[in-house]
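J.: Here it is: the structure, laid out below.
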Amino acid sequence: ASIVSTRCSETYRIRSACITLFGFPLWYPSESPRTVIQGYPVLLPGKCWAFHGVQGTLVISLSHPIRISHVTLDHLPRYNSPTGHIDSAPKDFEVYGLKNDTEEGALL
């Protein structure tokens with residue numbers, strides 16, 4: 001699988017630099033949308049694709065047509081959250097089938 005588009009969803013970037021040189025920021029950490037399909041054995045804080053706003057879209061291309069039987073969506077469990085809160089956890093989740101990345105698709 002590969003990420004084709006996020007359509008209008010923008011990656012959320014925190015502007016606290018991890019690496020600076022003489023006080024100038026060199027690198028700002030953020031996870032790319034590709035994080036969604038990589039799959040980590042353990043869910044850790046910050047190892048996710050965060051996006052601006054309350055709704056995000058991700059278009060994933062598969063190598064060949066498939067028949068979907070299961071979809072999994074994971075989020076950091078409350079007990080692993082540094083704050084003890086998981087307010088950013090998705091509340092609604094939809095999967096659409098598309099023949100190309102420009103169409104709206106059909107709800108599966």
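Residue numbers for the sequence shown, in the UniProt record's numbering: 1 to 108. Positions of the beta carbon are idealized from the N, C-alpha and C atoms, including for glycine. Since the structure is predicted, the reported quantities are computational estimates derived from the model, not experimental observations.
Considering only DSSP beta bridges, list what L43 is partnered with.
T.: Looking at the DSSP assignment, L43 forms no beta bridge with any residue, so it has no partner.
J.: Kindly indicate which residue of H64, D87, R78 and R7 has the alpha-carbon position closest to the one of P33.
T.: The residue with the shortest Cα to Cα distance from P33 is R7.
J.: Could you give the uninterrupted runs of the alpha helix (DSSP H) lying entirely in the UniProt domain "SUN" (1-108), keeping only those of 4 residues or more?
T.: Counting only runs of 4 or more, we get 35-38.
J.: Just to confirm, is the Cβ distance from L62 to A1 under 8 Å?
T.: The answer is yes: Cβ separation under 8 Å.
J.: Taking the alpha carbon of residue 125 as the point to measure from, which residue in T11, S81, I3 and H70 has its own alpha carbon closest?
T.: Since the first residue shown for the chain is 1 and the last is 108, residue 125 is missing from the structure and cannot be characterised.
J.: Do you know whose CA, among G39, G105 and G56, lies nearest D92's CA?
T.: If we check each option's Cα against that of D92, G56 comes out closest.
J.: Is the beta carbon of T11 closer than 8 Å to that of F51?
T.: In contact: F51 and T11 (Cβ atoms closer than 8 Å).
J.: Identify, in the order they occur along the chain, each residue of the same chain with its Cβ nearer than 7 Å to the Cβ of Y40, setting aside the five sequence neighbours on each side.
T.: Taken in chain order, the residues that qualify are K47.
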